[in-house]
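Just so it is clear: in the sequence shown, position 100 is 100 by UniProt numbering, and no numbers are missing.
Only one structure is covered here, and it is reproduced in the block below.
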Amino acid sequence: MQWLSDMALFVEVAKTRSFTKAANNLAMPTSTLSRRISQLEQHLGLRLLNRSTRSLELTEAGQQYYERGQWIVSEAQAAQEDIMRLNKSPSGLIRLSLAVDFGMYYIAPLVAAFTQRYPLIRFDLDLSARRADLLSEPVDMAIRMGELADSSLYARLIAHVPLGLYAAPAYLAQYGTPQQPDDLQHHQCIDFKTNDGKSVWHLSQRQQHYEFSVNAAIRLNNMGMAQQLACMGLGICLLGKQVAAPEVQRGQLVPVLSDWQLPLVPAYALTTTRLLPQRLRLWLDFLAEGLTS
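The structure is reproduced here in structure tokens:
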């Protein structure tokens with residue numbers, strides 16, 4: 001809004017009654033300031049200043065414009081200062097959409113730590129397998145796992161999630177422990193639903209790569225339940241390593257084929273714009289740092 005900027009320049013000139021003093025206060029060349037005021041007068045169609053070699057006086061229109069403009073500029077500066085104070089104490093609502101499993105196991109601890117650091121920031125969390133439409137729904141940010149489809153959204157990679165295969169000691173005692181990926185075809189497996197109904201586990205070790213087409217005994221869409229079923233001895237399950245870690249420590253799950261690696265799963269934060277308000281910038285940086293560590 002050029003007119004507001006020009007109004008602020010005029011107010012400074014009217015207050016000092018000098019182009020030179022006003023230019024010094026504004027840290028700009030006197031010639032530039034004079035030209036901007038002339039352009040403002042042309043835009044308004046009125047003379048605001050009577051210039052002479054020795055004095056600078058306000059016209060009647062200039063006096064009215066100064067009185068009104070002084071208040072407007074003052075209010076604009078106050079609004080700017082208020083916003084800057086908000087930056088010192090971040091506040092507001094973050095509306096977040098994400099999958100249930102990722103939210104429970106990875107995001108919940110970060111939300112707790114973040115709200116301790118920024119107690120004036122609140123969260124509205126939508127945990128669902130449904131993918132919210134950021135362009136039409138009241139959502140500030142979505143967190144998505146896996147490779148992304150092309151879209152108009154802005155994506156920031158925030159983590160690579162490591163995966164592993166796990167089974168209960170009782171299951172392995174009954175059916176044996178796989179020594180090679182080929183052995184998986186003789187085992188019951190617990191797997192996750194996919195859009196096409198097919199699932200492949202990719203395992204690698206040095207220069208060796210193996211693809212196992214999973215014929216799952218149980219297929220579902222919730223990692224928490226998959227973990228529980230694995231602990232109950234119903235088969236070998238693909239889990240996030242962070243998800244499985246507590247059960248491994250308690251002895252309820254055992255890593256399977258731990259010398260083989262599975263691909264890391266990328267996690268992205270999606271927004272409709274790169275120009276984020278401060279609370280979202282803080283959360284995004286905190287999220288990326290927390291998931292990386």
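The beta-carbon is built from N, C-alpha and C at its ideal position, and this holds for glycine as well.
Inspect the beta-carbon positions of residue i and residue j and report whether they are closer than 9 Å.
| i | j | result |
| --- | --- | --- |
| L165 | F123 | no |
| V248 | L172 | no |
| A8 | V73 | yes |
| Y154 | T292 | no |
| P162 | Q242 | yes |
| L157 | P266 | yes |
| N215 | C237 | no |
| L58 | L46 | no |
| L120 | P90 | yes |
| R17 | L56 | yes |
Run through DSSP, which three-state label would residue i get?
| i | result |
| --- | --- |
| A269 | strand |
| Q208 | strand |
| A99 | coil |
| W201 | strand |
| V214 | coil |
| R281 | helix |
| Y118 | coil |
| R36 | helix |
| Q179 | coil |
| V256 | strand |
| L58 | strand |
| V73 | helix |
| Q261 | strand |
| R68 | helix |
| V248 | helix |
Let me confirm a value: residue i is counted as buried when at least 16 other C-beta atoms fall within 10 Å, else exposed. Which label applies?
| i | result |
| --- | --- |
| F279 | This sequence places Arg at residue 279; Phe is not what is there. By the neighbour-count rule (16 or more Cβ atoms within 10 Å), R279 is buried. |
| E137 | exposed |
| R130 | exposed |
| E67 | exposed |
| A244 | buried |
| A168 | buried |
| E60 | exposed |
| I37 | buried |
| A113 | exposed |
| R144 | buried |
| V200 | exposed |
| E289 | exposed |
| G251 | exposed |
| W283 | buried |
| L287 | buried |
| A269 | buried |
Determine the closest residue to residue i out of the options, with distance taken between C-alpha atoms.
| i | options | result |
| --- | --- | --- |
| P181 | L262, Q70, Q39 and L44 | L262 |
| M141 | E60, A168 and A99 | A99 |
| R281 | A23, R17, L4 and L93 | L93 |
| H209 | D259, R250, L49 and Y175 | D259 |
| W3 | L56, L26, Y65 and N50 | Y65 |
| D285 | L239, A159, I83 and G62 | A159 |
| S128 | D101, E147, L287 and T115 | D101 |
| R51 | G62, G45, L44 and H43 | G62 |
| T20 | Q42, L44, R54 and E41 | R54 |
| H202 | L148, F212 and A170 | F212 |
| V256 | L44, Q179 and L49 | Q179 |
| S204 | P246, A149, T194 and L264 | L264 |
| K193 | Y175, R219 and Q207 | R219 |
With a threshold of 8 Å, establish whether the CB of residue i neighbours any heavy atom of the ligand COA.
| i | result |
| --- | --- |
| D133 | Judged by which ligands are present, the structure shown has none, so any question about the ligand COA falls away. |
Below 8 Å, can you find three or more Cβ-Cβ pairs linking the region 227-239 to the region 122-136? no
Would you say the region 94-109 touches the region 214-227, given that touching needs at least three Cβ pairs under 8 Å? yes
Three-pair Cβ contact test at 8 Å for the region 268-287 versus the region 178-194: no
Is the region 4-17 touching the region 32-39, taking contact as three or more C-beta pairs under 8 Å? yes
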